[in-house]
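J.: Residues in the sequence shown are numbered consecutively from 1, following UniProt numbering.
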Amino acid sequence: MNSTLYKAWLQYAPIEDRELAAAYSRQLGTIVVDQQQSRVANAAVQELKHACQSMLGIVPNITSEALNSSHLEVRIHVGAAAAAEGAAEGITEAMDRGRADTQLDPEGFTLVHSGQGQQEKLVLIGGSGKGILYGVFHLLRLLASHQPLTGLKVADQPVNRLRMINQWDNVDGTVERGYSGQSIFYENGRFTDNLERVRDYARLLASVGMNAISINNVNVHEIETRFITAEYLPTVAKVADIFREYGITLYLSINFAAPLHIGGVSTSDPLNEEVRQWWKDAADEIYDHIPDFGGFLVKADSEHRPGPFAYGRDHADGANMLAEALEPHGGLVIWRCFVYNCMQDWRDRSTDRARAAYDHFTPLDGRFKDNVLLQIKNGPMDFQVREPVSPLFGSMKETNQVLEFQVAQEYTGQQRHVCYLVPQWKEVLDFDTYADGAGSEVKKITNGSLHGMKYSGIAAVSNIGNDENWTGHTLAQANLYGFGRLIWNPELSSEGIAEEWTRLTFGNDESVVKTVCRMLMQSWPIYESYTSPLGVGWMITPHTHYGPDVDGYEYSRWGTYHFADRDGMGVDRTMATGTGYTAQYFEPNAALYDSLEDCPDELLLFFHHVPYSHMLKSGKTVIQHIYDTHFEGAEAAAGLLDAWTSLEGKVDPERFAQVAQRLADQAEHAKHWRDVINTYFYRKSGVPDDSGRIIY
Ligand code: GCW
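1) Going by DSSP, what residue range makes up the beta strand (DSSP E) through His113?
2) Determine the closest residue to Asp598 out of Arg141, Thr574, Ser613, with distance taken between C-alpha atoms.
3) How far does the alpha helix (DSSP H) with Leu373 in it reach, from first residue to last?
4) Pick out the complete alpha helix (DSSP H) segments inside the segment 348-423, 4 residues or longer, and give them in chain order.
5) With H, G and I counted as helix, E and B as strand and the rest as coil, what does DSSP make of Asp642?
6) Can you grab the Cα-Cα spacing for the pair Cys342 / Gln277, in whole Å?
7) Is Arg693 helix, strand or coil by DSSP?
8) Taking C-alpha atoms, which residue in Gly465, Glu602, Leu647, Ala590 lies nearest to Glu510?
9) Inspect the beta-carbon positions of Gly331 and Gly307 and report whether they are closer than 7 angstroms.
10) Is Glu441 buried or exposed, if buried means 16 or more other CB atoms sit within 10 Å of its CB?
11) How long is the line joining the alpha carbons of His417 and Val265, rounded to whole angstroms?
12) Let me know if Glu47 comes out buried or exposed under the rule of 16 or more other beta-carbons within 10 Å of its beta-carbon.
13) Measure the alpha-carbon distance for Leu10 versus Glu632 and round it to whole angstroms.
14) May I ask you to list the residues that DSSP assigns as paired with Asp156?
15) Determine the DSSP secondary structure at Thr505, reduced to helix, strand or coil.
16) Is Arg386 near the ligand GCW, judged by its Cβ being under 6 angstroms from some heavy atom?
17) Return the residue from the list Ala66, Ser618, Gln414, Val687 that minimises the CA-CA distance to Trp524.
18) Around the C-beta of Glu327, are 16 or more other C-beta atoms found within 10 angstroms, so that it is buried, or is it exposed?
19) Return the bridge partner residues of Ala212 from the DSSP annotation.
20) Does the count of Cβ pairs from the segment 558-577 and the segment 604-618 closer than 8 angstroms reach three?
21) Determine the direct distance from the alpha carbon of Gln157 to that of Ser145, and round the result to whole angstroms.
22) Secondary structure at Lys454, three-state DSSP: helix, strand or coil?
23) Per DSSP, which one or two residues make a beta bridge with Trp335?
24) At a threshold of 6 angstroms, does Lys617 count as lining the ligand GCW (C-beta to nearest heavy atom)?
25) Within 8 angstroms, do at least three Cβ pairs link the segment 25-35 to the segment 50-60?
26) Can you tell me which of His138, Asp642, Ser529, Ile376 puts its alpha carbon nearest to the alpha carbon of Ser207?
27) Between the Cα of Glu635 and the Cα atoms of Trp558, Tyr527, Ser595, Val651, which residue gives the shortest distance?
28) Is any heavy atom of the ligand GCW found at a distance shorter than 6 angstroms from the C-beta of Val218?
29) Can you check whether the CB of Gln401 is closer than 7 angstroms to the CB of Ile445?
30) With DSSP as the reference, identify every bridge partner of Glu437, one or two as the case may be.
31) Considering only the alpha carbon of each residue, which of Gly394, Glu427, Gly507 lies closest to Glu387?
32) Is Lys369 near the ligand GCW, going by C-beta to nearest heavy atom under 6 angstroms?
33) Sorted by chain position, which residues of the same chain lie with C-beta nearer than 6 angstroms to Ala564's C-beta, five sequence neighbours on each side aside?
34) Going by C-alpha to C-alpha distance, which of Arg141, Val154, Cys419 sits closest to Leu104?
35) Would DSSP call residue 698 helix, strand or coil?
36) For Lys426, name the three-state secondary structure that DSSP assigns.
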């Protein structure tokens, strides 16, 4: 496929500016590669070659001979100081960033320009083939956004070690919480024969620095349980090989009850010797096929999935058993903390789903093996449009932690509404947990620095499928792009990432760049304003999670309540009168959230039950806030369509029409949200709107 929709941010659009194109052609016309290139570095050079053909109309000459005329030199330099080698001027200075010192990280690179005229030289040095790969994509970003290479002096390396994407793809071809068509990996109960699209996905992921993928849903069904057996491993190995070429390590989600279901063992008890041996044999078999296999992603004792609880064991017992099997091969166990009681009675006020992960896991701190990482969702509930940060971050000082985001917009408009999530993720990463006093931000936990952890990182649920544009909504591509870029370096700004993506995706017309960036930056606040107010969450249609249904989950067993009655709404999670959830935070966060006066407005109803007349810091009552934000939000959604419409003729017709259609649907659906929410709360409270607008 060759459409603009398909190419996403790897458009490699021809560069019309002749002078610029001539300079790039001179600088990149010859590529000198050193003799012992790695396979990943080769893939990078091929990408560069392909991009040069597309952007500049030239086919770079690739050689291993040293040259005196202008060229790009690409080489790997393992371990030792690049500066000491005198490889490129000014390198030490350029490397003075992030975790960098004069040692070149295996995933890091330096890219330095020197000389002029026919003697120009660009030198790209990677700490390994992966460094070269990331360096090439950096270079290509510069080209696509028309930035000069002259005087360039870059040194970069990822801040987070594990940068992972989780596919929730099922072998029947469906994708759990997928909003972009069917799986690109599977169809009709088997792996797809055409892996070209998987290769292009690997390119997209690598281009933003991702280095790990799990390729099947965490809810592991019957056939998928067998992926770790000789029956499927040769095929899994083929997929692993494609990702390997782009520096991406493959993981599988496993079924904790596999020994029982497919192993002929009568139990899956993690302390049973036969079970332990079964997992060891399974691991040996996997590594015979995939020597660099990453490890297992595990959802256990969660939403009816099997786990150690069935045998009276705890999650450390379960995770450690798997870790022991993977350990001799260098594999990791990524164990999810999304564990809660999903069979709660709404009348039971003592059980609080928000408390669950912390209550389950903090007592186990220090008991997990070195190669176990706990994967924790960003918030204590489930990827709502607004939630506080999970209090588990920083609370387990002897346990490797991975943060889990959801790029798929399950609760944020399902890629039918535009909702650029990078600003939300940035708030999470910048959140100060105070685990070790001020300055204990979540980003220092994901990069391992706060507690000196061996393994750590960030994962996210993917938003792609086999729709031509990958993500259903073309603007949702920005979330996948943004996830990769932000976790490479959490110091990047949301605006900066939006701008990069827009230039790469739609070109450099300044009015397009400005308009699209503004739309993206407005989109999360807009979505929040016409959906669920003040951090209360949910209020969506059960199961599908799309569209408003205020009481949809109110009397159900999922633990997701707003407790609205005629007097007020919100969940009391305070220490004195509520569930005590606020006490799971370190001070001063605990006191901040616990206090009705100090709790930030946007999270008020997450932490407190208040009357509709409660005055917010904004100077409005809760009920008036609900009315105002819903009227304004629906209007702002219509404004997004207007903004996009102004770009007609500046964006290619295919993508213009695709986005216009989605924005039109969003504007309509936002009105629906507005009316359902306003009517509900008007009927409940009996309080009229100050401005006398129509509420049905
Ligand atoms: O968000 C909820 C989803 C489930 C999902 C679960 C999880 C994969 O609604 O579809 O299951 O979270 O994260 O495990």
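Note that beta-carbon positions come from the ideal geometry of N, C-alpha and C, so glycine has one too.
T.: Based on what the coordinates show:
1) 109-114
2) Thr574
3) Careful: Leu373 lies outside any alpha helix (DSSP H), inside the beta strand (DSSP E) at 372-377.
4) 356-361
5) helix
6) Going by the C-alpha atoms only, they are around 32 angstroms apart.
7) Coil, per DSSP.
8) Leu647
9) Not in contact: Gly331 and Gly307 (Cβ atoms no closer than 7 angstroms).
10) With 16 or more other Cβ atoms from the protein chains shown falling within 10 Å of its own Cβ, Glu441 counts as buried.
11) 47 angstroms
12) buried
13) 36 angstroms
14) Phe109
15) helix
16) no
17) Out of Ala66, Ser618, Gln414, Val687, the CA that lies nearest to the CA of Trp524 is found in Gln414.
18) By the 10 Å Cβ count, Glu327 comes out buried.
19) Met164, Thr249
20) Yes, the segment 558-577 is in contact with the segment 604-618.
21) 21 angstroms
22) Three-state DSSP puts Lys454 in coil, outside helix and strand.
23) Val298, Leu374
24) No, the Cβ of Lys617 stays beyond 6 angstroms of every heavy atom of the ligand GCW.
25) By the Cβ test, the segment 50-60 is in contact with the segment 25-35, since at least three Cβ pairs between them sit closer than 8 angstroms.
26) His138
27) Tyr527
28) yes
29) yes
30) The question names Glu, but residue 437 in the sequence shown is Gly. Its beta-bridge partners are Ala435.
31) Glu427
32) no
33) Non-local beta-carbon contacts of Ala564 in its own chain, meaning distances under 6 angstroms to residues more than five positions away in sequence, involve Lys684 in chain order.
34) Val154
35) What the structure shows of the chain is the stretch from 1 to 696, and residue 698 is not part of that stretch, so it cannot be assessed.
36) Looking at Lys426 - three-state DSSP - the assignment turns out to be helix.
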